[in-house]
Structures are given as structure tokens and as C-alpha cells.
Amino acid sequence: MTDFIVHYTIKISSEFSKIIPGKNTPVINYSIIRTGDNLVLSEGSLTGTATSDVSEVTPDCFFIDGKLSTQLNDHEIVLKGDFKYGQKNAPTPYNRFEGTIAIYQLTDPYPKPEPPSPPEPPLPPVSEV
């Protein structure tokens, strides 16, 4: 699991699964957690390029409302967020997050080098006649 601290009140834990069994589609599993009491506000998974609505209000009026999304290309899958969060009854305005949460590579960044070939045997000495 990879943890991304959005703010001292929220963290997003995500985990990359290479593919769905039987398909060639990458998956990101996620949990949105309130850090003070480790309360899971929302959890789910996103496959390929997708968007998921995130909306939750706790009994003490803490809320999160927005979207998580993934972008997929040939080399990586990116988890992004766009949501607001905070206390509904607070006199201050809510907080907002919009940005990248995690990037997972689908392929090795560099090809593995080939092992070196064995050295060639030395040439025999030249004899003078």
C-alpha cells in the first residue's frame, strides 16, 4: 500500500494490481481515511481509465465530496483526486484537493541489460621462423 497524506486530516492509501484475472486491465484499489481516528471514509477500486464519485458525511459532520479518477497510458496508470473536505458546521471554508495521488508504472523503466559474453580466449603467441 502507498499512503498519500492530502492534509493532516486525510490520507489516501492505494495499491496497484497488475491486471484483473482473465483481462489485461490494471487496477488501483484505494481507501480514503481520516487520519485522526483512522476512520475509513470511502474505499473502492478503479480499472483502466475511470472515475469514481466520493461522497461521505460522518456523524460528527466531517465530509468529503468529489471524484477520484485514473488515467491509463502505455507506460503508467495515474490516480488523481478532485474533492473538497472538512467540517460541515465549521465557520471556516472547506479545504480542496486537486492533483495527482499516485503514479504506478506498468512496464520496467529500462530494459534489463544482457549478461556480458564470456571473454575470447587469447591468441597463441606468434613464433618467428
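The sequence shown runs contiguously to residue 129 in UniProt numbering.
Glycine included, every Cβ here is placed at the ideal spot set by N, Cα and C.
Predicted, not measured: the structure shown is a model, and the values here were computed from it.
Exercise. Can you tell which of S17, Y85, I77 has the C-alpha that lies nearest to the C-alpha of K11?
Worked result: Position 11 of the sequence shown, counted from the first residue, corresponds to residue 11. For K11, the nearest C-alpha among the options comes from Y85.
Problem set entry | Under the three-state DSSP convention, the category Y8 falls into | Within the sequence shown, the letter at position 8 stands for residue 8. Y8: coil per DSSP, three-state reduction.
Exercise. Hey, would you say H7 sits closer than 9 Å to N95, going by beta carbons?
Worked result: Here residue 7 refers to the residue found at position 7 when the sequence shown is read from its first residue. Here residue 95 refers to the residue found at position 95 when the sequence shown is read from its first residue. Yes.
For this session: Would you mind giving the Cβ-Cβ distance between V54 and G66, rounded to the nearest angstrom? I have them listed as a contact below 8 Å.
Result: Here residue 54 refers to the residue found at position 54 when the sequence shown is read from its first residue. Here residue 66 refers to the residue found at position 66 when the sequence shown is read from its first residue. So it is a contact: roughly 6 Å between Cβ atoms.
Exercise. Got a sec? Which residues, its chain only, sit under 7 Å from R34 by beta carbon, not counting five neighbours each side?
Worked result: Here residue 34 refers to the residue found at position 34 of the sequence shown. Cβ neighbours of R34 beyond the five flanking positions: T9, I10, L41, F62.
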